[in-house]
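In the numbering used here, the protein residues as written are 669 to 731.
Glycine residues also receive a C-beta, built at the ideal position from the N, C-alpha and C atoms.
1. So for residue 676, helix, strand or coil by DSSP?
2. Can you tell me the Cα-Cα spacing of residue 689 and residue 683, whole angstroms?
3. Just checking my contact of residue 685 with residue 678 at CB under 8 Å: how many whole Å lie between their CB atoms?
4. Terminal residues of the continuous alpha helix (DSSP H) containing residue 705?
5. According to the neighbour-count rule (16 or more other Cβ atoms, all chains shown, within 10 Å of its Cβ), is residue 709 buried or exposed?
6. On a CA-only basis, which of 698, 722 and 694 is nearest residue 712? Give me that one, please.
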């Protein structure tokens, strides 16, 4: 997060941390933090599902 907070873009920060180039072409951030257990596609799918959960089950999110 230090690199991101300094204004470095996520893909560049990933490359700097891993010492590899073009990590965004592989599994990107999701792959890096999960040791490739979560692919980029799977990570985004799960994130969208979780973001939309409040519309599927609004009673859980009522205040």
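Considering the structure as presented:
1. Numbered from its first residue, the chain shown carries residue 676 at position 8. DSSP places residue 676 in coil when its eight states are reduced to three.
2. On the chain shown, position 21 is the one that residue 689 refers to. On the chain shown, position 15 is the one that residue 683 refers to. Cα to Cα, the separation comes out at about 5 Å.
3. One-based indexing of the chain shown puts residue 685 at position 17. One-based indexing of the chain shown puts residue 678 at position 10. With 8 Å as the limit, residue 685 and residue 678 do not qualify as a contact, their Cβ atoms being about 10 Å apart.
4. Numbered from 1 along the chain shown, position 37 holds the residue referred to as residue 705. Here residue 705 belongs to no alpha helix (DSSP H), and DSSP marks it neither H nor E.
5. Within the chain shown, the letter at position 41 stands for residue 709. Counting Cβ neighbours within 10 Å, residue 709 comes out exposed, since fewer than 16 surround it.
6. Working through the chain shown from its first residue, we reach residue 712 at position 44. The shortest C-alpha separation from residue 712 is found at 698.
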